[in-house]
Every structure is written in structure tokens, then in C-alpha cells.
Amino acid sequence: MPYYRSVGEIPRKRHTQFRSPAGSLYAEELMGVEGFSSDSALLYHRYLPTAIVNAEAVADHRGPLTPNHPLKPRHFRTQDLTADRQPAADAVTGRRTLFGNSDVTICFAVATEPSPLYRNAVGDELIYVQHGSATVETVYGALDIAEGDYLVLPTSTTYRVLPQGEARLYILEASGHIGPPKRYLSAKGQFLEHAPYCERDLRGPAEPLTTEGTDVPVLVRHRAGLTRLTYANHPFDVVGWDGCLYPWVFNIRDFEPITGRVHQPPPVHQTFEGPNFVVCSFCPRKVDYHPLAVPVPYNHANVDSDELMFYVGGDYEARKGSGIGLGSLSLHPSGFTHGPQPGAAEASLGADRFDETAVMVDTFRPLEMGEGAVDCEDPGYAWSWSGRGPGS
0 MPYYRSVGEI PRKRHTQFRS PAGSLYAEEL MGVEGFSSDS ALLYHRYLPT AIVNAEAVAD
60 HRGPLTPNHP LKPRHFRTQD LTADRQPAAD AVTGRRTLFG NSDVTICFAV ATEPSPLYRN
120 AVGDELIYVQ HGSATVETVY GALDIAEGDY LVLPTSTTYR VLPQGEARLY ILEASGHIGP
180 PKRYLSAKGQ FLEHAPYCER DLRGPAEPLT TEGTDVPVLV RHRAGLTRLT YANHPFDVVG
240 WDGCLYPWVF NIRDFEPITG RVHQPPPVHQ TFEGPNFVVC SFCPRKVDYH PLAVPVPYNH
300 ANVDSDELMF YVGGDYEARK GSGIGLGSLS LHPSGFTHGP QPGAAEASLG ADRFDETAVM
360 VDTFRPLEMG EGAVDCEDPG YAWSWSGRGP GS
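Sequential numbering from 0 applies to the sequence shown in numbering that gives the first Met the number 0.
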């Protein structure tokens, strides 16, 4: 993260003796990205974070991915992925794979049960809360998340999700790191004045979280698959930490839209960047104020990317009448020119505000479909611009 935090008890100098009230040395753990060459955090454990007593391979619940072939735009209804179709699911093992490529896996979970302790050692995770709320306990401390929150979990953060009722979660698992776009940050990591959000909008753990336990299982995703490690002591034993690497929360309502006299392109909505993908937030906003402006987007061909739009609030003007509703995902792939629903451009003339909220992911490699997407696809969407079925 772009700024320093200190939580709990830490010694005045790094890598010096720091003892418990009983006199034993606390065990340091340096969490760092890019080796020792980028952001890091230094955590102080009561027990050795290296002490495992067992390791066993776990079968991966993910199925194969299916290419978007024949190539066409597609519509998926996450509102059809309901808890009654997969009862007692949690936010880790209950993830339904929607899409994926070598850079990112995109999942959806309807979480009603506590998750196991989990660690993704492949890359950062970004969790968006479409509906509901949960407490996310991490080795850094606990964070409460609710509707509209984005939660960034750095690689190899041990955590578990405790939903309060039903939580509907949209989850991106990257093959690398997720953070604010570099153009929003100074050379020293501070948010710049033109950024649509800043440090004041972010929430991080406020105090350590300590939990007793022995022989504690932790499910670990790594590049070879899934392993269940059993730790001699509970990993939530940190008495303090400091640094610039930690989980943090940003709510989509705190994104300040950038508007103009004519229609603004999607990069003004960018919120995060990851390896070969970006995440944008479309929020309620004043729209174009040129007297001849056409507020809805023009037809466009994303020649280098697949565009995946998740509709989470309000009424998305550009595709009104296409069958898309709250909870829908539209996939507009590279190689297909897409745009507003017929008649939407004319209908938008004179509008001064759009009340819509959506999360967009643009990937620079093609997205393939997972079992969750196949299970909730609307087969008629591709023809919604023409009003005709295939071959008619």
C-alpha cells in the first residue's frame, strides 16, 4: 500500500530483541513482495510461524475452463447462483468459477458459513461485496466489510471470512499484485490530487487479532494446486506489525467520478490495476454537459481486451432492454464491437445524471468460462442488438 501503518506492539528498532512479558522472544516474520525490493510488513508472532506438523494435497474443486467459441457477447445471471442451489457454502471452498485466464480467475460466492483458514500464495485477491456483510479475520487483524466494499488481500495473507447472514461476493484472484493505478500515485506512493480516491477513503486493520489453538489447518493455494498445512499453533498470534503491505478496504461509494462536456472513456473510472487487467468503478454521476452531448457510450471495439461488466446498483442506461439486471455480468470480447442498446442513444439525450453502479474488469488476454458461468448464462443475449435469433 502507498502509506505506512503501525498496529499493536512493536520494538523501536527492526530486527532487534523484542520479548513477551514472560521473557521469550517474539518471532519476526517479514512479508515482502518482489523479494526484498518492494513493499513489506514486519509481523511479530508469539509462536514460530514456520512450525508445521503436517502437509497434505487437497483436490482442487475448480473445473476446466471453456473458450468463448464461437465468439460472441454473453450475459450471465449471478442472481441465479443462489444459496439454495449450493447450501452451506463458504467464501473459499464455495467459490464458483466464472471466468479465467493465465492472469486472473474470477469467481462468485454466496457465503453463508464461516470459511476455513486460507492463504492464496499465487497472487493478490480482490473481493467485492455485492450484498450482505462479513468479518474478515486476517493475520494482520480483522476487517468488517459490507455492500460496496472492495477488499484487497495481499499474496500469502492468511485469512478467513465470517459472513453475517448471506454475503454475495465477487472475487478476483490475480497471478500477481493488485493496487491503485500507478498514474494516481506520486513517486513516493502518495495519492495525487487528480486521483478519484485517496488515503482518507481506505480502511486497514486497527488492532491485532490473537486466537489460541494448536494443530490448526490452513488451506493454501499455490502454483501446483491446493495443500492443507497444519500449524503447531494458530497463525493469528501476531502482537503487532508495521509496514506498507497489509489488507485494506475501499468502498465504491467513495470513488469520485470524473466527468466532462462529452462522454468520458472507461479509463476515467479505473480503480485498480493488476497483471494484464484493470478494474473500473462506474458510479452515480453527473453526465456530459455539452449541449449536443450523447451521454451513453458510443459503439466501441476493445481490440486488445475482453470487457466484463458486473451490474450492482441502479439502472444501467446503455443496455436497458437487453435483459441485464442487478447481478448480471456482460462479457463483450475482443473481436466484437459492442455498444448501447438500440434506441438508448436517442433516449439518453438531455439526461443530466446516471444512477448506475457497476464493476468492470478489462483483461488483456481472452477470458474463458468456468462452470459457474456456464450454469447461469442467458443464451439469447448475443442477439439483443438485432432483436433476431441466430440464422433468422
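The beta carbon of each residue, even a glycine, is placed where N, CA and C say it ideally should be.
Using 8 Å for Cβ pairs, my map puts residue i next to residue j. What's the rounded Cβ distance?
i: phenylalanine 335; j: lysine 71; result: 7 Å
i: serine 347; j: proline 294; result: 4 Å
i: valine 128; j: alanine 166; result: 6 Å
i: glutamate 198; j: glycine 140; result: Rounded, the Cβ-Cβ distance is 18 Å, inconsistent with contact.
i: leucine 366; j: phenylalanine 98; result: 4 Å
i: histidine 262; j: proline 296; result: 6 Å
i: threonine 96; j: glutamate 370; result: 6 Å
i: glutamate 136; j: leucine 161; result: 7 Å
i: phenylalanine 309; j: tyrosine 169; result: 6 Å
i: cysteine 279; j: proline 264; result: 10 Å between Cβ atoms; not a contact.
i: aspartate 236; j: histidine 44; result: 5 Å
i: asparagine 232; j: alanine 50; result: 7 Å
Could you please give the first and the last residue of the uninterrupted beta strand (DSSP E) stretch that includes residue i?
i: glycine 273; result: 269-273
i: glutamate 55; result: 51-57
i: glutamine 129; result: 124-130
i: glutamate 112; result: Premise fails: glutamate 112 is in no beta strand (DSSP E) and is neither H nor E.
i: histidine 74; result: 73-76
i: glutamate 355; result: 355-362
i: phenylalanine 35; result: Unbroken run through phenylalanine 35: none, as it is neither H nor E.
i: phenylalanine 240; result: First, the amino acid is wrong: residue 240 is tryptophan here, not phenylalanine. Looking at the DSSP string, the run of the beta strand (DSSP E) that includes tryptophan 240 is 237-242.
i: glutamate 211; result: Taken as a continuous stretch (DSSP letters only), glutamate 211 belongs to no beta strand (DSSP E), as it is neither H nor E.
i: leucine 366; result: Counting along the chain, leucine 366 falls outside any beta strand (DSSP E), and DSSP gives it neither H nor E.
i: arginine 167; result: 166-173
i: glycine 31; result: 26-31
i: histidine 331; result: 327-331
i: isoleucine 144; result: 140-145
i: arginine 4; result: 4-7
i: serine 19; result: That residue, serine 19, is in no beta strand (DSSP E); it is neither H nor E in DSSP.
Could you give the first and the last residue of the continuous alpha helix (DSSP H) run that contains residue i?
i: glycine 371; result: 370-374
i: serine 347; result: 343-347
Using only the alpha-carbon positions, how far apart do residue i and residue j sit?
i: valine 52; j: valine 215; result: 9 Å
i: arginine 94; j: valine 109; result: 8 Å
i: alanine 26; j: valine 238; result: 10 Å
i: arginine 220; j: phenylalanine 35; result: 22 Å
i: asparagine 250; j: aspartate 148; result: 4 Å
i: phenylalanine 281; j: alanine 56; result: 41 Å
i: alanine 90; j: proline 290; result: 48 Å
i: glutamine 189; j: glutamine 340; result: 40 Å
i: proline 10; j: leucine 225; result: 36 Å
i: arginine 61; j: cysteine 243; result: 33 Å
i: alanine 54; j: leucine 228; result: 5 Å
i: glycine 379; j: threonine 154; result: 39 Å
i: glycine 386; j: leucine 325; result: 22 Å
i: isoleucine 323; j: aspartate 374; result: 16 Å
i: glutamate 306; j: alanine 350; result: 25 Å
i: alanine 381; j: serine 321; result: 9 Å
i: threonine 210; j: proline 113; result: 16 Å
i: glutamate 33; j: proline 179; result: 17 Å
i: arginine 182; j: glutamate 255; result: 16 Å
Hey, is residue i close to the ligand ZN, as in C-beta under 6 Å from one of its heavy atoms?
i: tyrosine 230; result: With respect to small molecules bound, the structure shown includes none, and the ligand ZN cannot be examined in it.
Residue i: which of the options sits nearest, CA to CA?
i: valine 311; options: Leu184, His130, Thr104; result: His130
i: threonine 111; options: Ser19, Ser385, Gly164, Arg159; result: Gly164
i: tyrosine 288; options: Gly322, Ile257, Leu201; result: Ile257
i: serine 101; options: Asn67, Leu116, Gly175; result: Gly175
i: leucine 24; options: Ser321, Ala194, Leu42, Ser37; result: Leu42
i: glutamate 376; options: His74, Leu325, Pro389; result: His74
i: lysine 319; options: Asp305, Ala344, Asn301, Ala300; result: Ala344
i: glutamine 269; options: Leu168, Thr362, Tyr169; result: Thr362
i: arginine 13; options: Tyr2, Ser39, Gly22; result: Ser39
i: threonine 156; options: Pro115, Ala372, Asn119; result: Asn119
i: aspartate 59; options: Gly313, Ala231, Leu218; result: Leu218
i: threonine 77; options: Leu184, Asp241, Ala21, Cys106; result: Cys106
i: threonine 134; options: Tyr117, Arg159, Leu116; result: Arg159
Leaving out the 5 sequence neighbours to the left and right, which residues in its chain are closer than 7 Å to residue i when beta-carbon positions are compared?
i: proline 48; result: Ala26, Glu28, Pro234
i: aspartate 253; result: Tyr196, Asp200
i: valine 151; result: Asp123, Leu125, Ile177, Pro246, Trp247
i: arginine 364; result: Asn100, Ser101, Asp102, Asn275
i: threonine 104; result: Thr96, Glu172
Can you find the residues in the same chain that come closer than 6 Å, C-beta to C-beta, to residue i, ignoring five residues on each side of it along the sequence?
i: glycine 273; result: Ala173, Ile177
i: glycine 203; result: Arg4, Tyr245, Trp247
i: asparagine 67; result: Pro332
i: methionine 359; result: Cys279, Met308
Once the 5 residues before and after residue i are set aside, which same chain residues still bring their CB inside 8 Å of it?
i: asparagine 298; result: Thr336, His337, Gly338, Pro339
i: glutamate 403; result: Because the chain here runs from 0 to 391, residue 403 falls outside it and cannot be looked at.
i: serine 37; result: Gly31
Compare the C-beta of residue i against all C-beta atoms of chain D and say whether one is closer than 7 Å.
i: glutamate 27; result: Protein chains in the displayed structure number just one, and chain D is not present.
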